Every structure is written in C-alpha cells, then in structure tokens.
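Asker: Numbering (the working numbering), first residue to last: 26 to 473. Ideal Cβ positions, reconstructed from N, Cα and C, are used throughout, including at glycine. Given the structure is predicted, the values throughout are model-derived calculations rather than measurements.
1. Does the separation of the CB atoms of residue 85 and residue 93 fall below 7 Å?
2. Given a threshold of 16 other Cβ atoms within 10 Å of its Cβ, counted over all protein chains shown, does residue 72 qualify as buried or as exposed?
3. Which of helix, strand or coil does DSSP assign to residue 303?
4. For residue 116, count neighbouring Cβ atoms within 10 angstroms of its own Cβ and tell me buried if that reaches 16, exposed if not.
5. Can you find a heavy atom of the ligand ZN that lies under 6 Å from the Cβ of residue 76?
6. Confirm, please, whether the CB-CB distance from residue 293 to residue 262 is below 7 Å.
7. Could you name each continuous alpha helix (DSSP H) segment of 4 residues or more that falls completely within the segment 319-359, going from the start of the chain to the end?
8. Per DSSP, residue 294 forms a beta bridge with which residues?
9. Report the partner residues of residue 128 according to the DSSP bridge assignment.
10. Out of curiosity, what's the CA-to-CA distance linking residue 457 and residue 154?
11. In chain order, which continuous runs of the beta strand (DSSP E) of length 3 or greater are located wholly inside the segment 399-458?
12. Which value, in whole angstroms, describes the spacing of the CA atoms of residue 306 and residue 90?
13. For the alpha helix (DSSP H) that residue 142 lies in, which residues bound it at each end?
14. Report the rounded CA-to-CA distance for residue 179 versus residue 125, giving the unit in angstroms.
15. Would you say residue 175 and residue 135 are within 7 Å of each other, going by their C-beta atoms?
16. Given this structure, state the Cα-to-Cα distance separating residue 283 from residue 181, to the nearest angstrom.
17. According to DSSP, what are the bridge partners of residue 184?
18. So who's on the other strand from residue 195, going by DSSP bridges?
19. Which partner residues of residue 262 appear in the DSSP bridge assignment?
20. Can you give me the Cβ contacts of residue 264 inside the same chain, cut-off strictly under 8 Å, excluding the 5 residues immediately before and after it?
21. If we ignore side chains and look at the alpha-carbon of each, how far apart do residue 118 and residue 60 end up?
22. Using C-beta distances below 8 Å, list every residue in its chain close to residue 74, excluding the 5 sequence neighbours before and after it, in chain order.
23. Expressed to the nearest angstrom, what Euclidean distance is found between the alpha-carbon atoms of residue 427 and residue 53?
24. If the criterion is Cβ atoms closer than 7 Å, does the pair residue 312 and residue 417 meet it?
25. Among 403, 303, 150, 337, which one has its Cα closest to the Cα of residue 351?
26. Can you tell me the Cα-Cα spacing of residue 146 and residue 107, whole angstroms?
27. Roughly how many angstroms lie between the CA atoms of residue 316 and residue 345, to the nearest whole one?
28. Looking only at its chain, what residues have a beta carbon closer than 7 Å to the beta carbon of residue 57, apart from the 5 residues adjacent to it on each side?
29. Is it buried or exposed for residue 300, if we count other Cβ within 10 angstroms and need 16 for buried?
30. Short of 7 Å in beta carbon distance, which residues of its chain neighbour residue 405, apart from the five on each side in sequence? Order them along the chain.
31. Going by DSSP in three states, residue 49 sits in which element: helix, strand or coil?
32. Taking C-beta to C-beta, are residue 441 and residue 460 nearer than 7 Å?
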C-alpha cells in the first residue's frame, strides 16, 4: 500500500469512527417535545455550560415555546449575551428574539430565595425574627450546600407556577458531581439532625417542663458547645432554631418533591463537556452518578470540537512537505525547481547551494522573483506545520471521545464545532443553537 493509499484509508477510518462511535443526540426533537418541561445542564466548570443553557433556551423560544433560563453561575455571561444589564431573582424578558415564543432569564439570588422561603412559611412576626437572626444571616449567605439547595427551591417554585413551557437550568460548576442533588439531603439532615432536635426540644415542651429541660439540658451542652461555638453564637443558634421550628418539616418535604420532579419523565439532563481528557472524565462521572440516582439523562453535548477542511492531508505528509519547502536541497519537488535542486553542482553534495545559486541571482537583490518564490515556500511550510498541529489535535480529541463512547455507548452525543471567538450576544447564542441542531442533522443524514 502506498503512502497516499494509507493516508486515505486512515482518513476513512477516522470518519467511520466519528459516525459509529455513539448515538446522535437530536436537540430539536428534545426542545420541541411538549412533554419536555425541564432541561438541566450539568458538567464541570469551563466547558461552556452556561452558554449551552442560554443557547438551548433561545432556540426553544424561537421555535415557539415560553422558556425561562435559570443560571446559578455567579459570572454574568448569561445577562451579557442576552443584552440584559443584570439578572436577579426575578425572571426578565429577553428582547430581540424571533418567532412566537418568549425567552426569560434569571440568576439565582441565594439569600433572597432563602428569605422568600422563610416569609412564605412563617407568620410575619416570626419571619422578622428569623431574618434578623445573626445565625440565619450566616446560614443563608454561605452555609455549605445552601446555594445548591436554594437552586432546587427556586426550580420547584418555577415549576409550581406552571407559567413556562420549558425551564432550562444551568447548574453550578462543581467537582463533587451534582452537589445540587446532594445539597437538599445535607441541609435537610442538618435541620432534622440530633443537635437541632435537642435545641428545639425546650420550645416544643413549653412551660415549666420546657424551662426545666432547658436548665438541665442546656447546662450540660453549654460547657461543650460554648467552647466550640462561642456563647453568643450558641445563643443565636438557639434563638434561630426556636423561631424556625415550624418551617423545618417544609424544607425536607419540598426537597423531596423537587428531587422527585427531577426524576420525572418531563425532565431531561444534559451533560456538557469539552473534548479533553479531564472534562470527559468528569462527564463520565456525571453520567454514572445520574444513572445511580435514576435521573433521566438524554445525552452529552461535546463543546468546542475542532475540525478541518483538509482531512485528506495527514499530519505526517504535511510535516514532510513543510520540511521539503523549508530546506530546498532535500528532494526534488517538481520541474519548477529541478534546475536548483538537481543541478550537477549540488545533487549528491553535502554542501548547501551558494546563496547566489539558491536565490538564482545576487543575494542583495531582495526583490527578485526567486526571493519572492522563497518567501512563498516558507509561508507554505508554516501553514503546513499549522495543519499538522491541527491534525494532531483532532486525533487527540477523537481518541478522548472514543474512550468515553466505548465506556458509555448508551449515551447519545452531539458535537458542537468550536467558534472562532466568545459568545456575547443573541446572534452568537443563535449560532450555538444552529450548531447543536446541525450535529443531529449530520448524524441523521450520513451513512453508518
């Protein structure tokens, strides 16, 4: 087999692997299905998750659905790309969309959402006491898992209002894989834990019995907890717990209800990744965790996939050609250079041609046709080396993708080609949506 035949066979093999490596995710069918009510985009940080969520929301809206995109990402890229000065805890209508649908966007305000929960489940006097409590203020602003829990709370609120056809959720970037699924359990366990029950017991007993319990129980705990937490903090915790007692059951109940909502048929999880080893390792972890939690995974969005319009030219051939152009004494490359490269004076000689011979004229004549031709050769050599680097990148991305699909052949995948720049407006989001849909169309039309 000649080198050309080998390269052509290699190109066909790579193309065949791309087509047969996995099922293809049909984005438009997912967004158009009226039964799809929630799309959750999850994945590690830096893979384009926020942009993907926004692009999906825009595409669904322009295909006729009333959509709200909820982002938990503290970076304000979503607002900027949608032409909104800022996002907050209230859905804002996005202007400039096409079609009959509507697009709204919002950014989770963790503390405000917690305040809303308190205000909704406590009378005004008790709510005011809770909101003013120093321990509550610390808990609502930065307790581990509070952001993820409040994301679940807000999702539950949005779905309960039944105002939107589709809710797209951009989850927080997290290495610990789906913290937003774990957080309600953790916070619920905290609010229902032994310490909390012990602290609420005096308030539940009431009267002299409660005071007796408080005197005995608290005197036993104060010595230990006071040293750990500090006397004032312990008092703040006790006051907070007493005021929050009537709302504890609601936290667990709502968390369980939202968790079941995420497992329902109307919910679709999309794992977002980049064609890089670490990102796809994270994606595999997400896929396995979602399966363990019985969450409805619909597929993987593989962002920033590189391509080339010259796939028939292998990296090795490109490098060989670049070397020949950069050093014209290596091989005969054509009749146009035969006099230079195969001349009796230079052929078979270990000495490089003299400058005047190589240029075909006096070396000082910089504007001669030979110099111009030499500049073209060097430029072409540089482009060939760039092409070789791109082909090596493509091969590396394909190997990484193949490892993922071999491990998870059941996961449908859609490739999104890399953009030349960042997305900063609706036009860019629309382009991402088109690329998401085009990946599915390619998968349907190409032979397997």
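Answerer: Inspection of the coordinates gives the following:
1. Position 60 of the chain shown, counting from 1, holds the residue named residue 85. Position 68 of the chain shown, counting from 1, holds the residue named residue 93. For residue 85 and residue 93, no; Cβs fall outside 7 Å.
2. Numbered from its first residue, the chain shown carries residue 72 at position 47. Residue 72 should be labelled buried.
3. Taking the first residue of the chain shown as 1, we reach residue 303 at position 278. Three-state result, residue 303: helix.
4. As a position in the chain shown, residue 116 is number 91, starting the count at 1. Buried is the call here.
5. Although the ligand ZN was asked about, the structure shown includes no ligands whatsoever.
6. Position 237 of the chain shown, counted from the start, is the residue given in the question as residue 262. Position 268 of the chain shown, counted from the start, is the residue given in the question as residue 293. Taking 7 Å as the Cβ cut-off, residue 262 and residue 293 do not qualify as a contacting pair.
7. 340-351
8. One-based indexing of the chain shown puts residue 294 at position 269. Under DSSP, residue 294 takes part in a beta bridge, and its partners are 65, 322.
9. The count along the chain shown starts at 1 and reaches residue 128 at position 103. Partner(s): 92.
10. On the chain shown, position 432 is the one that residue 457 refers to. On the chain shown, position 129 is the one that residue 154 refers to. Each residue's CA atom was taken as its position, placing residue 457 and residue 154 some 48 Å apart.
11. 438-442
12. Translated into the one-based positions of the chain shown, residue 306 becomes position 281. Translated into the one-based positions of the chain shown, residue 90 becomes position 65. CA-to-CA, the gap between residue 306 and residue 90 works out to about 34 Å.
13. Along the chain shown, read from residue 1 onward, the residue named residue 142 stands at position 117. Where residue 142 is concerned, the enclosing alpha helix (DSSP H) stretches over 135-145.
14. Locating residue 179 in the chain shown gives position 154, counting from the first residue. Locating residue 125 in the chain shown gives position 100, counting from the first residue. In a straight line, the C-alpha of residue 179 is about 26 Å away from that of residue 125.
15. On the chain shown, position 150 is the one that residue 175 refers to. On the chain shown, position 110 is the one that residue 135 refers to. The Cβ atoms of residue 175 and residue 135 sit closer than 7 Å to each other.
16. As a working note, residue 283 is residue 258 in the chain shown. As a working note, residue 181 is residue 156 in the chain shown. Straight-line Cα distance between these residues: approximately 6 Å.
17. Counting from one through the chain shown, the residue named residue 184 turns up at place 159. Residue 184 is not bridged to any residue.
18. Counting from one through the chain shown, the residue named residue 195 turns up at place 170. DSSP output for residue 195 lists 66, 96 as bridge partner(s).
19. Within the chain shown, the letter at position 237 stands for residue 262. Beta-bridge pairing links residue 262 to no other residue.
20. Here residue 264 refers to the residue found at position 239 when the chain shown is read from its first residue. Excluding sequence neighbours, residue 264 sits near 154, 158, 160.
21. Counted from its first residue, the chain shown places residue 118 at position 93. Counted from its first residue, the chain shown places residue 60 at position 35. So the alpha carbons of these two residues sit roughly 23 Å apart.
22. In the chain shown, the residue the question calls residue 74 occupies position 49. Answer for residue 74: 66, 67, 68, 98, 195, 196, 198, 297, listed in chain order.
23. As a position in the chain shown, residue 427 is number 402, starting the count at 1. As a position in the chain shown, residue 53 is number 28, starting the count at 1. Straight-line Cα distance between these residues: approximately 25 Å.
24. Locating residue 312 in the chain shown gives position 287, counting from the first residue. Locating residue 417 in the chain shown gives position 392, counting from the first residue. No. Outside cutoff.
25. Residue mapping note: residue 351 aligns to position 326 of the chain shown, counting from 1. If we check each option's Cα against that of residue 351, 403 comes out closest.
26. Counted from its first residue, the chain shown places residue 146 at position 121. Counted from its first residue, the chain shown places residue 107 at position 82. For residue 146 and residue 107, the distance between alpha carbons rounds to 34 Å.
27. Position 291 of the chain shown, counting from 1, holds the residue named residue 316. Position 320 of the chain shown, counting from 1, holds the residue named residue 345. Each residue's alpha carbon lies about 48 Å from the other.
28. In the chain shown, residue 57 corresponds to position 32, counting from 1. Only 88 meet the Cβ criterion.
29. On the chain shown, position 275 is the one that residue 300 refers to. The Cβ neighbour count for residue 300, taken over all protein chains shown within 10 Å, is at least 16; the residue is labelled buried.
30. Position 380 of the chain shown, counted from the start, is the residue given in the question as residue 405. Only 350 meet the Cβ criterion.
31. Within the chain shown, numbered from 1, the residue matching residue 49 stands at position 24. Reduced to three states, the DSSP call for residue 49 is strand.
32. As a position in the chain shown, residue 441 is number 416, starting the count at 1. As a position in the chain shown, residue 460 is number 435, starting the count at 1. Cβ atoms of residue 441 and residue 460: closer than 7 Å.
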